[in-house]
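Q: Read left to right, the sequence shown gives residues 603 to 791 (the numbering used here). All C-beta atoms in this analysis are idealised placements derived from N, C-alpha and C, irrespective of residue type, glycine included. Note that the structure is a prediction, hence the values are computed from the model and not measured.
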Amino acid sequence: MRRLVHTAALTSAFALTACTPTASHERVRPPAAPAAHGVVSGEVVQAGAQPRYTVEPGVSYDQPVALPDNPAPVYPPALLVRALPPVSVTVNLRVDADGRVSDLAPLAAADPAPAPFQASVRDAVLQWKFFPLVRIGPGGAPTVVTVGDVATTYPGQVTRLPFSQTYRFVFSQVGGKPQVDAAGSDPVP
Numbered sequence: 603m604r605r606l607v608h609t610a611a612l613t614s615a616f617a618l619t620a621c622t623p624t625a626s627h628e629r630v631r632p633p634a635a636p637a638a639h640g641v642v643s644g645e646v647v648q649a650g651a652q653p654r655y656t657v658e659p660g661v662s663y664d665q666p667v668a669l670p671d672n673p674a675p676v677y678p679p680a681l682l683v684r685a686l687p688p689v690s691v692t693v694n695l696r697v698d699a700d701g702r703v704s705d706l707a708p709l710a711a712a713d714p715a716p717a718p719f720q721a722s723v724r725d726a727v728l729q730w731k732f733f734p735l736v737r738i739g740p741g742g743a744p745t746v747v748t749v750g751d752v753a754t755t756y757p758g759q760v761t762r763l764p765f766s767q768t769y770r771f772v773f774s775q776v777g778g779k780p781q782v783d784a785a786g787s788d789p790v791p
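1. Would you report the Cα separation of ALA710 and TYR769, rounded to the nearest angstrom?
2. Could you pull the DSSP bridge partners for VAL746 from this structure?
3. Should the region 673-689 be regarded as contacting the region 734-741, the criterion being three or more beta carbon pairs within less than 8 Å?
4. So does the region 689-702 actually touch the region 771-783, counting three or more Cβ pairs closer than 8 Å?
5. Pull up the CB-CB distance for PHE765 and VAL790, whole angstroms please, since I reckon it's below 8 Å.
6. From the DSSP output, in three-state form, read off GLN720 for me.
7. Please state the DSSP three-state secondary structure of GLN781.
8. Identify, in the order they occur along the chain, each residue of the same chain with its Cβ nearer than 6 Å to the Cβ of PRO636, setting aside the five sequence neighbours on each side.
9. How close, in whole Å, do the beta carbons of ARG762 and PRO734 come, if the pair is a contact with beta carbons under 8 Å?
10. How many angstroms separate the CA atom of VAL747 from the CA atom of ASP725?
11. Quick check on LEU567: does DSSP put it in helix, strand or coil?
12. Between VAL703 and VAL723, which are expected to be in contact by the criterion C-beta below 8 Å, what is the C-beta distance as a whole number of angstroms?
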């Protein structure tokens with residue numbers, strides 16, 4: 603199974619993480635898929651002015667992280683023989699408080715991607731899961747948040763928050779082999 607390779611972009615700081623999270627957990631990066639099967643990598647895409655959760659005194663946030671076994675979009679096999687120039691698909695993901703993609707909306711493009719590329723992105727990202735965006739407030743006993751096989755202990759009251767994130771997928775061929783690159787924005791409410 604192809605796996606999404608997350609680069610520093612997906613774990614880069616965003617406005618809310620100016621407060622250092624005090625939680626501890628391990629995040630594992632998956633191995634890269636062989637080039638013959640397509641490769642997905644990530645980097646930050648700036649989404650422009652977006653609403654943000656506000657930072658309050660005594661409150662910090664732990665940013666969301668895409669789970670390593672999220673499936674990557676696949677270059678549509680029927681289109682490989684056409685040797686198309688790179689094709690870009692940009693979507694905004696809405697992720698619920700449990701870290702599941704609840705919706706995605708394509709962002710307008712001057713030259714929309716052919717439907718098979720859009721379908722490939724939709725099919726993949728609707729299966730994605732994230733370790734959720736977490737608000738860590740003062741007081742209370744330590745709280746454990748578990749997603750899959752990752753458990754994180756936080757030193758205070760925890761609230762899972764929904765967020766949105768913009769991703770751009772670029773489908774291309776390198777040496778006749780399919781390649782898909784992904785770039786994601788900072789998470790926002």
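A: Taking the structure as given:
1. What you label residue 710 is simply residue 108 of the sequence shown in a count that begins at 1. What you label residue 769 is simply residue 167 of the sequence shown in a count that begins at 1. Put simply, the backbone Cα of ALA710 is about 13 Å away from that of TYR769.
2. Translated into the one-based positions of the sequence shown, residue 746 becomes position 144. THR755, per the DSSP bridge assignment.
3. The region 673-689 vs the region 734-741: no contact.
4. Yes, the region 689-702 is in contact with the region 771-783.
5. Position 163 of the sequence shown, counted from the start, is the residue given in the question as residue 765. Position 188 of the sequence shown, counted from the start, is the residue given in the question as residue 790. Yes, PHE765 and VAL790 are in contact; Cβ-Cβ is about 6 Å, under 8 Å.
6. Translated into positions along the sequence shown, residue 720 becomes position 118. Three-state result, GLN720: helix.
7. For the purposes of this step, residue 781 is taken as the residue at position 179 of the sequence shown. The DSSP-derived three-state label of GLN781 is strand.
8. By 1-based counting over the sequence shown, the position of residue 636 is 34. Residue confidence is low: PRO636 scores 34 on pLDDT, short of 50, so the model does not pin down where it sits. Its coordinate-derived value is still stated next. Closer than 6 Å at Cβ, skipping near neighbours: no residue.
9. Within the sequence shown, residue 762 is the residue found at index 160, counting from 1. Within the sequence shown, residue 734 is the residue found at index 132, counting from 1. The C-beta distance from ARG762 to PRO734 rounds to 4 Å, short enough to fall under 8 Å.
10. Translated into positions along the sequence shown, residue 747 becomes position 145. Translated into positions along the sequence shown, residue 725 becomes position 123. Between VAL747 and ASP725, the C-alpha separation is close to 28 Å.
11. The shown model of the chain, from 603 to 791, leaves out residue 567, and the question about it has no answer.
12. Sequence index remark: in the sequence shown, residue 703 carries index 101 (1-based). Sequence index remark: in the sequence shown, residue 723 carries index 121 (1-based). That belief does not hold up - the Cβ atoms of VAL703 and VAL723 are roughly 11 Å apart, past 8 Å.
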